[in-house]
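The opening residue of the sequence shown carries number 27 in the working numbering; numbering runs sequentially from there. The beta carbon of each residue, even a glycine, is placed where N, CA and C say it ideally should be. I have placed the structure first, in the form of C-alpha cells, so that the comments after it can refer back to it.
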Amino acid sequence: MRLILLGPPGSGKGTQAQRLVHKHGIVQLSTGEMLRAAVAAQTPVGIQAQGIMASGGLVPDEIVIGIISDRLDQPDAANGFILDGFPRTVPQAEALDELLKKKHIKLDAVVELRVNESALLQRVETRVAEMRARGEEVRIDDTPEVLTRRLASYRSLTEPLIHYYSERRKLLTVDGMMTIEHVTREINRILAAIGAVEAKAAKKSAKAAAGRAAKPARNRAAVSGNTARKTAKTARKAGKSAAKAVKKPSRKVPASSRARAIGKAGKSAKKITKKRAKA
Ligand code: ADP
Numbered sequence: 027m028r029l030i031l032l033g034p035p036g037s038g039k040g041t042q043a044q045r046l047v048h049k050h051g052i053v054q055l056s057t058g059e060m061l062r063a064a065v066a067a068q069t070p071v072g073i074q075a076q077g078i079m080a081s082g083g084l085v086p087d088e089i090v091i092g093i094i095s096d097r098l099d100q101p102d103a104a105n106g107f108i109l110d111g112f113p114r115t116v117p118q119a120e121a122l123d124e125l126l127k128k129k130h131i132k133l134d135a136v137v138e139l140r141v142n143e144s145a146l147l148q149r150v151e152t153r154v155a156e157m158r159a160r161g162e163e164v165r166i167d168d169t170p171e172v173l174t175r176r177l178a179s180y181r182s183l184t185e186p187l188i189h190y191y192s193e194r195r196k197l198l199t200v201d202g203m204m205t206i207e208h209v210t211r212e213i214n215r216i217l218a219a220i221g222a223v224e225a226k227a228a229k230k231s232a233k234a235a236a237g238r239a240a241k242p243a244r245n246r247a248a249v250s251g252n253t254a255r256k257t258a259k260t261a262r263k264a265g266k267s268a269a270k271a272v273k274k275p276s277r278k279v280p281a282s283s284r285a286r287a288i289g290k291a292g293k294s295a296k297k298i299t300k301k302r303a304k305a
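Written as C-alpha cells, this is what we have:
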C-alpha cells in the first residue's frame, strides 16, 4: 500500500500513520522526522534546515525531494509506505509524480484528514503538555506563534494539493475531528473500498462497516443527522464493495467502483475547496 497523508499540523497525521504502519506492515516516511534527525545529527542538510524549521518556514524543495528519493530506494519501502509531511507544495507533488514514475511505483491514494482549524491550536497545546509530562523534549516549532505561521503556510502552499490530487482522482477525505480510533477505522474502510488493502484486512473492515451501518446511532452521536445518514449509506456501499473484493481475492475492486469511490471523494473535496476559497 502506498499512501500520502495530507492535513494541517495537529490534524493527527503522525498518529494515524503509526497505526497504519502497525496494521499493514508498511513504513512511515515523515520528512519532518527525517529533518529533525538531520538537525540533531548536525549533518549539512540539518544545519541548513534548522533555522527554517524553527521559524515555521519550509525547507527548500530540492532538499526534501532528495531525502524522499533516497528513502524510497531503501529495501524497507518496497513493501509499501505512507508519506507524512511530503509533498507539501505543488512543485513537490509534481516532483514526486516524476520520482514515482521513474521508480515504477504506483500511488494508491491520498488521504486528507480534514479538521476544524480552531481545534488545532488546542490539540498542539495538549501534545506539548503531554510530551512535557512524559519528560520528552518539546519540538522547538510547537509554540502558538510558530504554529500560526505553519498553519498559514499549510493554507497557502499545501492546501492546493487537495485540488491537485482530487483532479487526479486520488483524493480520499476523512473527517479528522472524530476520535483517533474512529478516524483509523474510517481510513481503513475507505482503503478497503478502493481495493488498496489486502483481502484479509478488507474483510475485517467490511464487517466493521456493515456493523456501523446497521447501528448508525452508536458511533455517530457527535455527527449531524445529515452527515450521519450519508456516512451510513457510504459505509453500507463500502461494506458491499469491500465484501466483493474479499470474494474475489485475486482481483481488486473493479476499476469502475474504484473510480466511483475516488470520484465521490473527489467531488466532496472539490466542494470543500470551493468553500475554502470563498471563506
Ligand atoms: P507538522 O506537524 O507541522 O506537519 P512536520 O513534522 O511534518 O510538521 O515538519 C516540521 C517542519 O519540517 C516543517 O515546519 C518544515 O519546516 C519542515 N518540513 C517537513 N516536511 C517538509 C517538506 N515536505 N517541505 C519543506 N519543509 C518541510
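- Task: Check the C-beta distance from N142 over to M203 and give it rounded, since I have them as a contact under 8 Å.
- Result: Your numbering for residue 142 matches position 116 in the sequence shown. Your numbering for residue 203 matches position 177 in the sequence shown. Taking a contact as a CB-CB distance under 8 Å, the pair N142 and M203 counts as one, their CB atoms being some 6 Å apart.
- Have a look at I89 and I220 and give me their C-alpha separation to the nearest angstrom. Residue mapping note: residue 89 aligns to position 63 of the sequence shown, counting from 1. Residue mapping note: residue 220 aligns to position 194 of the sequence shown, counting from 1. About 33 Å.
- Message: Considering just the uninterrupted stretch of the alpha helix (DSSP H) at V53, what are its terminal residues?
- Response: Mapped onto the sequence shown, residue 53 falls at position 27. Here V53 belongs to no alpha helix (DSSP H); instead the beta strand (DSSP E) covers V53 to S56.
- Message: What does DSSP give as the partner residue(s) for L109 in the beta ladder?
- Response: Here residue 109 corresponds to residue number 83 of the sequence shown, with the count starting at 1. Note: L109 sits in a beta bridge opposite I30 and L55.
- Task: Can you grab the Cα-Cα spacing for the pair G38 / D96, in whole Å?
- Result: Within the sequence shown, residue 38 is the residue found at index 12, counting from 1. Within the sequence shown, residue 96 is the residue found at index 70, counting from 1. Answer to the nearest angstrom: the Cα atoms are 26 Å apart.
- Backbone CA spacing between S192 and Q68 [nearest angstrom]: Taking the first residue of the sequence shown as position 1, residue 192 is located at position 166. Taking the first residue of the sequence shown as position 1, residue 68 is located at position 42. Using only the alpha carbons, I get a separation of about 38 Å.
- Task: Within the stretch 68 to 153, note down every full beta strand (DSSP E) run reaching 3 residues or more, in order along the chain.
- Result: The stretch 68 to 153 is shown to contain whole beta strand (DSSP E) runs of 3 or more residues at 107 to 110 and 135 to 140, in chain order.
- Query: Exposed or buried, what is D102 when buried is set at 16 or more other beta-carbons lying within 10 Å of its beta-carbon?
  - Reply: Sequence index remark: in the sequence shown, residue 102 carries index 76 (1-based). Answer is exposed; the Cβ neighbour count stays below 16.
- Item | Local conformation of V223 per DSSP, three classes | Reading the sequence shown from its first residue, position 197 is the one you call residue 223. In this structure, V223 counts as coil in the three-state DSSP scheme.
- Cα separation between D110 and T184? On the sequence shown, residue 110 is found 84 positions in, with the first residue counted as 1. On the sequence shown, residue 184 is found 158 positions in, with the first residue counted as 1. Roughly 12 Å between the two C-alpha positions.
- Task: Express the C-alpha separation of S56 and F112 in angstroms, rounding to a whole number.
- Result: By one-based count along the sequence shown, residue 112 stands at place 86. By one-based count along the sequence shown, residue 56 stands at place 30. Looking at the two C-alpha atoms, the distance is approximately 7 Å.
- Do L173 and M27 have their C-beta atoms within less than 9 Å of each other? Position 147 of the sequence shown, counting from 1, holds the residue named residue 173. Position 1 of the sequence shown, counting from 1, holds the residue named residue 27. For L173 and M27, no; Cβs fall outside 9 Å.
- Task: Have a look at the DSSP bridge pairing and note the partners of A164.
- Result: Taking the sequence shown and counting its residues from 1, the one referred to as residue 164 is at position 138. Strictly speaking, residue 164 in this sequence is Val, with Ala absent from that position. V164 is not bridged to any residue.
- Considering only the beta carbon of each residue, do L84 and T115 sit closer than 9 Å? Mapped onto the sequence shown, residue 84 falls at position 58. Mapped onto the sequence shown, residue 115 falls at position 89. Closer than 9 Å, so yes.
- Message: Between Q118 and ligand 1, is there a pair consisting of the residue's CB and a ligand heavy atom that are separated by less than 8 Å?
- Response: To locate residue 118, count along the sequence shown from 1; it is residue 92. Flag set: Cβ of Q118 near ligand 1.
- Message: Going by C-alpha to C-alpha distance, which of R158, R149, A155 and A159 sits closest to G40?
- Response: Locating residue 40 in the sequence shown gives position 14, where the first residue counts as 1. When each option's Cα is compared against that of G40, the closest is R149.
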